[in-house]
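Have a look at the structure below before the remarks.
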Amino acid sequence: DAGVIQSPRHEVTEMGQEVTLRCKPISGHNSLFWYRQTMMRGLELLIYFNNNVPIDDSGMPEDRFSAKMPNASFSTLKIQPSEPRDSAVYFCASSYRALEGNTIYFGEGSWLTVV
Amino acid sequence: KNQVEQSPQSLIILEGKNCTLQCNYTVSPFSNLRWYKQDTGRGPVSLTIMTFSENTKSNGRYTATLDADTKQSSLHITASQLSDSASYICVVSAVLGAGSYQLTFGKGTKLSVIP
Chain A
7 DAGVIQSPRH EVTEMGQEVT LRCKPISGHN SLFWYRQTMM RGLELLIYFN
57 NNVPIDDSGM PEDRFSAKMP NASFSTLKIQ PSEPRDSAVY FCASSYRALE
107 GNTIYFGEGS WLTVV
Chain B
73 KNQVEQSPQS LIILEGKNCT LQCNYTVSPF SNLRWYKQDT GRGPVSLTIM
123 TFSENTKSNG RYTATLDADT KQSSLHITAS QLSDSASYIC VVSAVLGAGS
173 YQLTFGKGTK LSVIP
């Protein structure tokens, strides 16, 4: 099993540019999560999908952030326009029936720096 | 407000020694509690998951305990190894309704094992 695959692993962009992060969950998983991690705030859940449907997006910081899951094997997190305070590691994770306490598997993260 | 507090923030121990990390939570209604290990520059990896009815669970040299009455959990590491150096994150899940739940993350304990 290839695990959760994220791209890009690292991105440096200028303030105001659009950033798109991509995620391929583990095959067969029906829950997908996007997290953000910073030194100051730790891990924060941004949004999660169940069966491709967004269930809770209350963690999305503002309208500049949007996430989509067009099918069971792909999701994107978009930031437009990006700002320096968006610099963080963004993790995608997936699970099968996470509600019942099954393991949530994380990708290796996308390291975003906005200058 | 749901909260997860971890202590200590950081810890340095000698290789071969045991240590215990603490997690206190105020999450309600409680569904499950997870401990994750996160190596520097990597995504978190699940160590244990415990539901309300479980008060201890082991994964090799890692043993997690849960006291649902006092809302406390601990992660005990036995005979520490250099590879145990990482951040350990406690995550508590609350069930909000059918198909909806909330994950609350602790800020983690950074463990350094030195020779």
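Residue numbers (our numbering), protein chains in the order written: chain A, 7 to 121; chain B, 73 to 187. Built from N, CA and C at the ideal position, the CB exists for glycine as well.
In the structure shown, Asp62 of chain A adopts extended strand secondary structure according to DSSP, grouped into three states. For Phe112 of chain A, at least one C-beta of chain B is nearer than 7 Å to its own C-beta. Contact annotation: Thr137 of chain B and Ser125 of chain B have beta-carbon atoms that are not nearer than 7 Å. Our two residues, Phe177 of chain B and Asp62 of chain A, have alpha carbons roughly 16 Å apart in a direct line. Residues of the region 94-117 of chain B that bring their beta carbon within less than 9 Å of a beta carbon in chain A comprise Ser103, Asn104, Arg106, Tyr108, Gln110, Gly113, Arg114, Gly115, Pro116, Val117, in sequence order. With respect to the 7 Å criterion, Thr112 of chain B and Gln75 of chain B are not classified as neighbours on the basis of their beta carbons.
Classified as exposed, His16 of chain A has fewer than 16 neighbouring CB atoms from the shown chains inside 10 Å of its CB. Counting only runs of at least 3 residues, the region 9-85 of chain A fully encloses the following beta strand (DSSP E) elements, listed from N- to C-terminal order: 11-13, 16-19, 25-30, 37-44, 48-56, 59-62, 71-77, 80-85. In the DSSP assignment, Glu77 of chain B falls within the unbroken beta strand (DSSP E) covering 76-79. The straight-line gap separating the alpha-carbon atoms of Phe39 of chain A and Gln153 of chain B is approximately 31 Å.
C-alpha of Thr119 of chain A to C-alpha of Cys98 of chain A: approximately 17 Å in a straight line.
Leu105 of chain B is not a Cβ neighbour of Val167 of chain B, given a cutoff of 7 Å. If the five residues before and after Glu77 of chain B are omitted, its C-beta is found closer than 6 Å to the C-beta atoms of Asn96, all from its own chain and listed in chain order.
Judged by DSSP secondary structure, Asn131 of chain B falls within the beta strand (DSSP E) whose first and last residues are 128-131.
Thr181 of chain B is bridged by DSSP to B:Tyr160. For Ala104 of chain A, no beta strand (DSSP E) segment is defined, and its DSSP state is neither H nor E. Ile110 of chain A sits buried, since 16 or more C-beta atoms from the chains shown fall within 10 Å of its C-beta. Here DSSP, grouped into helix, strand and coil, assigns Ser125 of chain B to coil. Within its own chain, the residues whose Cβ lies closer than 6 Å to the Cβ of Ser82 of chain B, once the five positions on either side in sequence are excluded, are Lys182, listed in chain order.
Around Asp156 of chain B, the same chain offers Ile149, Leu183, Val185 as residues with beta carbons nearer than 7 Å, after the five sequence neighbours per side are excluded. Closest in C-alpha terms to Gln23 of chain A, from the list A:Leu49, A:Ser64, A:Asp92, A:Ser100, comes A:Asp92. The DSSP-derived three-state label of Ser93 of chain A is coil. One thing to note: Gln110 of chain B has its Cβ no nearer than 7 Å to the Cβ of Ser79 of chain B.
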